[in-house]
Every structure is written in structure tokens, then in C-alpha cells.
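*Asks:* Read left to right, the sequence shown gives residues 4 to 604 (our numbering).
C-beta atoms are modelled at their ideal positions from N, C-alpha and C, and glycine is treated no differently.
Handing you this structure, nothing more for now.
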Amino acid sequence: MKKFLLGIAVFITTAILCIVSAGAETYGDYEYNVLSNGTVEITGYTGSATNLTIPSKINGKAVTVIGEMAFHDCNTLTSVTIPYGVTLIDNGAFFKCEELVSVTIPASVKTLDNNCFYWCTSLKSVKIPKGVTTIGKSVFYYCYSLTSVTIPDSVTTIGHGAFNSCSSLTSIVIPDSVTSLGDYAFRYCTSLKSVKLSDKLTIIDENTFYACWSLTSISIPNSIKTIGEYAFCGCNSLKSVVIPANVKSIGEYTFYQCESLTSITVLGSTTSIGKLAFGFDGYDHDTETHIMVDGVVINCYKDSPAYRYAVNNKVNYKLISGPTIVSGFGISVRTSNSLTLSWTKNTSANGYILEQFNGSKWVRIAKITNPAATTYKLTGLKAGTVYKFRMRAYKTFVSQALYSDYTSTLAVRTNPSDVSGLKLGGRTSNALRLNWTKNASADGYIVEQYKNGSWVRIARISGNATTTYRISGLAASTQYKFRVKAYKMSGSTALYSGYTSTLAAYTNPSAVSGLRVRSKSDKAIRLAWKQNTTADGYIIEQYKNGKWTRIARIADNETLSCRIDGLAKATTYKFRVATYNIEDNVAYYGAYVSVSGTTNK
């Protein structure tokens with residue numbers, strides 16, 4: 004095979020050299036072409052350097068391309084530094100540089116083209132810079148001394164056979180940016196022990212990990228839909244594998260000759276499983292039968308294609324059973340900014356997944372790892388708002404999570420927020436007016452009064468724009484207590500906020516009655532009235548100089564007259580009297596009652 008490949012390489016090299024020599028210019032040990040954009044492509048090298056730094060400019064022009072086969076067979080090279088500005092390392096650029104140990108690739112490079120480090124058998128470590136998007140076909144083919152390679156998260160494509168026969172490579176991380184991984188990519192990477200695959204891949208192509216003898220475990224991403232034929236054939240250290248639920252097709256001989264692979268779990272309803280895909284370790288020519296792996300078990304669902312494969316091929320199987328659906332999912336406690344969800348303990352589960360609908364899609368908001376938990380509280384919610392939830396149980400099986408079906412969607416509304424700004428808006432001797440701030444999260448309000456040792460609803464106000472309520476028919480000079488809460492209708496169910504703090508308020512005393520002029524002289528007038536038992540006393544005012552002026556304060560309710568002296572004779576005077584009451588050092592006044600009187604001549 005080596006001779007065959009070398010023969011092809013010699014033929015390709017000769018052809019390319021003929022083309023290059025026809026139009027190439029020289030600069031020291033370099034041959035180059037000037038590209039249409041005015042930059043330089045290095046097309047050849049005739050020097051014998053051991054440690055080489057390629058120039059960033061040639062004759063004042065930036066070097067941007069290391070051309071096809073430019074440094075092929077440079078067997079004196081042990082290290083090379085490629086200058087910043089190069090964007091492409093072209094096909095076979097360092098083909099068969101068998102002494103090359105290290106290479107420095109600048110961040111300007113976007114593409115490592117096909118075969119560019121093919122057969123660099125001494126290359127030990129490569130750090131591919133961030134910015135490279137494509138690793139072409141057979142780029143590191145037969146780099147059997149390569150022990151370490153770093154693939155950045157800018158790479159989207161890894162070509163056919165890119166790391167084929169890198170037999171010293173022990174581990175590889177394929178970043179999540181990679182969407183295409185070519186067939187034969189890691190074939191004969193016999194020292195490869197661990198692989199992390201991109202979760203953007205949909206295909207593990209044929210022969211990708213063929214004869215990776217040291218591979219002990221592989222985590223296949225949930226994104227994979229197809230696993231090609233011979234993909235893991237000959238991985239004889241692989242002990243267990245889990246095929247995710249999204250995989251629909253498994254090719255022929257995919258896990259053939261995996262002699263240690265005794266646990267195969269197929270989680271989905273894979274529709275196509277190829278001939279001898281797993282469970283067999285070779286062929287016995289004496290008996291003309293395929294040899295079954297000793298102790299192999301396929302974990303699968305009843306009546307699934309994997310189940311039928313096991314039955315048809317007489318492979319031992321074990322049926323998988325997921326957890327049962329969560330029951331009793333509902334709401335146990337709600338406030339204006341929180342909801343406590345509850346459900347019945349699921350004895351078949353290891354835990355629960357809670358999801359919330361955000362208006363366009365379902366989003367996981369909690370993974371509850373305690374199977375005995377039966378409540379979950381969500382805080383920081385908006386008042387009077389509908390939220391939607393669903394839940395499913397999960398159970399771990401061979402390091403994979405198995406899920407129950409989802410519960411029905413639970414739509415639940417938070418309570419409206421508490422009413423704010425409750426205060427007394429006005430009072431009379433037989434009425435009190437309450438005011439509060441509009442509550443945008445409510446449909447209306449409930450007003451309650453404390454009567455006879457308990458709270459009694461006295462009003463239900465429909466519409467959140469009404470923010471006042473008058474309570475009439477009250478007794479004078481009496482304390483009353485009120486509280487208010489908001490409500491919001493959720494279907495036919497009323498949801499309530501918390502109550503306001505209690506508002507205690509006094510009515511005014513009743514107005515004085517029987518006010519009259521009881522007697523008069525040319526210098527005085529005496530007013531009289533009836534006793535007011537709701538009052539602590541009386542206020543007498545006289546109209547003077549265009550305004551009312553207090554002329555007396557009577558501090559008890561049993562004094563029922565007042566003499567006003569120093570008046571002018573034959574003159575009419577205006578008076579008014581109000582009751583007052585003192586509660587908690589605050590004076591409350593009844594309505595004024597007016598009377599007029601004229602002194603004698």
C-alpha cells in the first residue's frame with residue numbers, strides 16, 4: 004500500500020512540478036506565483052533548512068497561499084513556521100515531509116486543504132488555530148507519530164480520512180461547531196482511547212472509527228441520525244455503547260468484531276439495522292457461522308427493530324422500560340408573584356423535568372433529582388398572569404436518561420397584586436369614603452367591614468378603574484374598620500390578592516339640632532341648642548369682616564347656650580355652630596348649622 008501511494012504521489016508531484024516550472028518566479032530558495040489579487044502563492048522550495056520560517060512577503064507582496072506540493076518531500080525540515088497572512092495551505096503542501104516534527108499555523112489560515120500534511124510521519128503535535136473552518140481530506144493521513152491535535156470551534160468540516168492511521172493519537176475532541184465528519188476520518192487510530200463528538204453531527208459515516216483498537220468508550224450525541232457501515236468495526240476494547248433515540252439507521256457490520264462489546268442499548272425505534280451490526284466477533288470458517296460475542300446483551304424496547312434484530316439473530320436481550328407518566332400535576336399554592344406546583348410521587352422515576360412555555364417554545368426550567376420531591380416553587384412571576392407548564396419523569400438507564408410522556412399542559416394564573424394606597428377619602432357623621440390606587444393586574448375589588456367580631460363583605464366592585472367606595476348609614480362618632488383585596492377571574496374561578504392593612508376610621512359627630520336665638524338685648528345675643536350626645540363639645544363661629552371667625556369653644560356637650568356680648572344695637576349678626584369629638588387626640592367635626600339674630604334698638 005505504501006509503495007502504491009508513493010507511486011501516486013511521485014506521479015502527482017512530477018505533473019505539478021512541470022506546471023510550476025513553466026511559469027514560476029524565484030526568490031532565494033522559493034518558487035512563487037503572483038496571484039490575481041496581487042498576493043503571492045509559494046509553489047516550491049529548493050532549500051535544505053532544518054528549522055524554517057517562511058517569509059511573510061516576497062518582493063514586497065504578501066504571502067497568502069502555500070501552494071500544492073510546495074514543500075513535498077522536504078526531508079531536511081524538522082520544524083516550520085508559516086507566516087501570518089497565509090489563508091490557505093493547499094493540497095499536499097507538506098506531503099511526505101517525513102522528518103517534520105512541529106508546524107506553527109497562524110490564525111489567518113482558513114483552510115487546511117486535502118493531503119497537506121499527508122505522510123508527515125514524525126509530526127508529533129498540531130494546534131490548529133481558531134479561524135480554520137475546513138480540515139480537508141487526508142490532511143493528517145499516516146501521521147503515525149501524532150499524539151496531540153487541537154481542533155478549534157471554528158471548524159465545521161473534517162474531511163474523508165483526515166486522521167486515518169494516526170496510530171499514536173490517544174484522544175480527540177471534535178467541537179460542537181463541526182457539522183460534517185468524513186468517512187474513514189479516524190480509521191486505524193489504534194491508540195485512540197476517548198472521543199468527544201460534536202452534538203451538531205447527524206452522521207457517523209462508514210469506517211469512521213474502524214480498527215480503533217484502544218477505544219474503550221464512545222458517547223454518541225443525540226443529534227446523530229445515521230451510523231454508517233463498519234463505523235466501529237474492530238473496536239475490540241469497546242465495552243458498551245448507547246444508541247440515542249434519534250438514530251434511525253445503523254449500517255452493516257457497524258460494531259462487528261468488537262469482542263468486548265457486551266452491552267448495547269438502543270433507546271429509539273431505529274428503523275433500519277444492517278446485517279451483523281452488533282453482537283458478533285468474527286467468522287468461524289470451520290462451522291461457517293459468525294461467532295457471537297460472549298455475554299452480549301441488547302437492551303431494547305419491546306417489539307422495536309432492535310428487539311427483532313436480537314430475536315432473529317439469537318442475541319440475548321433485555322427489555323427497557325421507562326418511567327410512568329407523572330400524575331396529579333397541579334397547583335397547590337399561588338400568590339401574586341409565585342406558584343407552587345405539586346404532583347404525586349412517581350416510584351418508577353429517578354427525578355422530574357419541569358418545562359415552561361415561553362410564548363413560542365417549551366423551555367426546561369428545572370431538573371428535580373430527588374424522586375421523593377412532590378412540589379416546586381417558582382418565584383419572581385408577574386401578578387395576574389397565565390403561565391403554562393408541563394412535566395415528565397426521567398429514569399437513568401445505562402448512563403442515559405429515559406423519559407415518560409409529558410403531562411397535559413397546566414395553565415395557571417398568578418393572583419393579582421395587593422391593593423395599594425388604601426386611605427380615607429372623606430367622612431361625614433353617617434358615611435365614610437374609601438380610596439385606593441388602581442390595580443392593573445386585577446378585574447375588580449372586594450371591600451370588607453369588621454362587624455360583630457368577624458369580617459363581612461360589603462361590596463364587590465367590577466372593573467379595576469373604580470378606586471373609591473362610599474359606606475353610608477353609619478352611626479355618628481363611631482370607629483369602623485375596613486380592608487380591601489383585588490380579584491382576577493381565571494375562567495369561572497376568582498383569584499384574590501392579599502388584603503390591605505386594616506383601615507380604622509371614625510365618623511364625624513352628628514350636627515347640632517335646635518339652634519336658635521334664645522334671648523337678646525341691645526348689646527348681646529344668646530344662642531341655644533339641644534344636647535348632642537355624639538359630641539364632646541361645640542364650636543361657635545361669627546361671620547366678621549367677610550369670613551367666619553371662631554368666638555367660642557365649649558368643652559362639654561351639656562352646656563347648651565352661649566352669650567355673645569359687645570354687639571351694636573339694632574344690628575343683624577350671623578352665627579353658626581358645629582359639634583366636635585376628640586378621638587386619639589384628633590378632632591372630628593359635625594356639619595355647621597347657621598342662625599341669624601338682630602340686637603334690640
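(1) Ends of the alpha helix (DSSP H) at V389?
(2) For N588, which of helix, strand or coil comes out of DSSP?
(3) Can you name, in chain order, every residue of its own chain whose Cβ lies under 8 Å from the Cβ of C21, other than the five neighbours on each side?
(4) What does the Cβ neighbour count give for A25, buried or exposed, with the cut at 16 atoms within 10 Å?
(5) Who are the near neighbours of K426 in its chain, counting only those whose CB is closer than 8 Å to its CB and skipping five residues on each side?
(6) Go to N167, then tell me how far its alpha helix (DSSP H) extends in each direction, as first and last residue.
(7) Apart from the five residues on each side of it in sequence, which residues of its chain come closer than 8 Å, Cβ to Cβ, to N118?
(8) Is T417 closer than 8 Å to L344 when the C-beta atoms are compared?
(9) Between the C-alpha atoms of T265 and I206, what's the straight-line distance to the nearest angstrom?
(10) Between S180 and T159, is the Cβ-Cβ spacing less than 8 Å?
(11) Excluding the five sequence neighbours on either side, which residues of its own chain have a C-beta within less than 8 Å of the C-beta of A573, listed in chain order?
(12) Pick helix, strand or coil for Y121, following the three-state DSSP scheme.
(13) Does the count of Cβ pairs from the region 190-200 and the region 166-181 closer than 8 Å reach three?
(14) Just verifying my parser: in three-state terms, what is the DSSP assignment at A313?
(15) So within the region 408-484, which uninterrupted beta strand (DSSP E) runs reach at least 3 residues, ignoring any that extend past its ends?
(16) Hey, would you say T79 sits closer than 8 Å to E44, going by beta carbons?
(17) For Y448, count the other beta carbons within 10 Å of its own beta carbon; 16 or more makes it buried, fewer makes it exposed. Which is it?
(18) When you compare each of N340, Y397, I328 and T382 to Y355 by their alpha carbons, which one comes out closest?
(19) Between which two residues does the beta strand (DSSP E) carrying K523 extend?
(20) Using the Cα positions of Q260 and I371, report the straight-line distance between them to the nearest angstrom.
(21) Please tell me whether Q403 and T273 are closer than 8 Å, where the distance is taken between their beta carbons.
(22) Counting Cβ pairs, one atom from each stretch, are 3 or more of them under 8 Å apart for the region 468-486 and the region 375-387?
(23) When the Cα atoms are used, what is the spatial distance from I474 to K391?
(24) Between the C-alpha atoms of A434 and L381, what's the straight-line distance to the nearest angstrom?
(25) Pairs of beta-carbons, one from the region 554-571 and one from the region 520-535, closer than 8 Å: are there three or more?
(26) Return the chain-ordered list of same chain residues with a C-beta closer than 8 Å to the C-beta of T81, the five sequence neighbours on each side being excluded.
(27) Would you list the one or two residues that DSSP bridges to W551?
(28) Between W551, V580, Y499 and Y502, which lies nearest to K533 when the distance is taken from Cα to Cα?
(29) Kindly provide the ranges of any beta strand (DSSP E) runs that are 3 or more residues long and lie completely inside the region 261-333, ordered along the chain.
(30) According to DSSP, is M72 helix, strand or coil?
(31) Indicate the three-state DSSP secondary structure (helix, strand or coil) for S216 in the structure shown.
*Replies:* Inspection of the coordinates gives the following:
(1) Residue 389 sits at position 386 when you count from the first residue of the sequence shown. Looking at the DSSP string, V389 is not in any alpha helix (DSSP H); the run it does join, the beta strand (DSSP E), is V389 to F400.
(2) By 1-based counting over the sequence shown, the position of residue 588 is 585. Residue state, collapsed to three classes: coil.
(3) Mapped onto the sequence shown, residue 21 falls at position 18. The pLDDT assigned to C21 is 40, lower than 50, so where the model puts this residue is not dependable, and the model offers no usable value.
(4) The sequence position of residue 25 within the sequence shown is 22, counting from 1. Low per-residue confidence applies at A25: pLDDT is 44, beneath 50, and the placement is therefore not dependable, though the value from the model is reported in the following sentence. By the 16-neighbour rule on beta-carbons within 10 angstroms, A25 is exposed.
(5) The count along the sequence shown starts at 1 and reaches residue 426 at position 423. Only L437, N438, W439 and L506 meet the Cβ criterion.
(6) On the sequence shown, position 164 is the one that residue 167 refers to. N167 -> no alpha helix (DSSP H), and no H or E assigned at all.
(7) Mapped onto the sequence shown, residue 118 falls at position 115. Taken in chain order, the residues that qualify are N94, G95, F98, G139, K140, S141, V142 and Y144.
(8) Against the sequence shown, residue 344 aligns to sequence position 341. Against the sequence shown, residue 417 aligns to sequence position 414. No, these two residues do not count as a Cβ contact at 8 Å.
(9) By 1-based counting over the sequence shown, the position of residue 265 is 262. By 1-based counting over the sequence shown, the position of residue 206 is 203. The straight-line gap from Cα to Cα measures roughly 24 Å.
(10) The residue you call residue 180 lines up with position 177 of the sequence shown. The residue you call residue 159 lines up with position 156 of the sequence shown. Yes, the Cβ-Cβ distance between S180 and T159 is below 8 Å.
(11) Your numbering for residue 573 matches position 570 in the sequence shown. The residues are D525, T601, T602, N603 and K604.
(12) If you number the sequence shown from 1, residue 121 lands on position 118. Reduced to three states, the DSSP call for Y121 is coil.
(13) Remark: three or more beta-carbon pairs, one from each stretch, lie closer than 8 Å, so the region 190-200 and the region 166-181 are flagged as touching.
(14) Residue numbering aside, residue 313 sits at position 310 when the sequence shown is read from its first letter. Helix.
(15) 413-416, 426-430, 435-438, 447-454, 457-465 and 471-474
(16) As a first step, residue 79 must be located in the sequence shown, where it is residue number 76. As a first step, residue 44 must be located in the sequence shown, where it is residue number 41. Taking 8 Å as the Cβ cut-off, T79 and E44 do not qualify as a contacting pair.
(17) Counted from its first residue, the sequence shown places residue 448 at position 445. Label assigned to Y448: buried.
(18) In the sequence shown, the residue the question calls residue 355 occupies position 352. Checking every option, the nearest Cα to that of Y355 belongs to Y397.
(19) As a working mapping, residue 523 is identified with position 520 in the sequence shown. Start and end: R519 to K523.
(20) The count along the sequence shown starts at 1 and reaches residue 260 at position 257. The count along the sequence shown starts at 1 and reaches residue 371 at position 368. Those two C-alpha atoms are separated by around 41 Å.
(21) Counting from one through the sequence shown, the residue named residue 403 turns up at place 400. Counting from one through the sequence shown, the residue named residue 273 turns up at place 270. In this structure, Q403 lies away from T273, with their beta-carbon atoms at least 8 Å apart.
(22) no
(23) Start at 1 with the first residue of the sequence shown, and residue 474 comes out as number 471. Start at 1 with the first residue of the sequence shown, and residue 391 comes out as number 388. Their Cα atoms are separated by approximately 41 Å.
(24) In the sequence shown, counting from the first residue as 1, residue 434 sits at position 431. In the sequence shown, counting from the first residue as 1, residue 381 sits at position 378. Rounded to the nearest angstrom, the two C-alpha atoms are 44 Å apart.
(25) yes
(26) As a first step, residue 81 is located in the sequence shown; it is residue number 78 there, counting from the start. For T81, same chain residues with a beta-carbon under 8 Å away, outside a window of 5 residues either side, are T53, N54, E102, L103, V104, S105 and S125 in chain order.
(27) The sequence position of residue 551 within the sequence shown is 548, counting from 1. Answer by DSSP bridge pairing, in chain order: Y546.
(28) Position 530 of the sequence shown, counted from the first residue, corresponds to residue 533. Answer by Cα proximity: V580.
(29) 266-269, 283-287, 292-295, 300-303 and 320-322
(30) In the sequence shown, the residue the question calls residue 72 occupies position 69. Note: M72 maps to coil in three-state DSSP.
(31) By 1-based counting over the sequence shown, the position of residue 216 is 213. The identity of residue 216 in the sequence shown is Trp, whereas the question assumes Ser. Reduced to three states, the DSSP call for W216 is coil.
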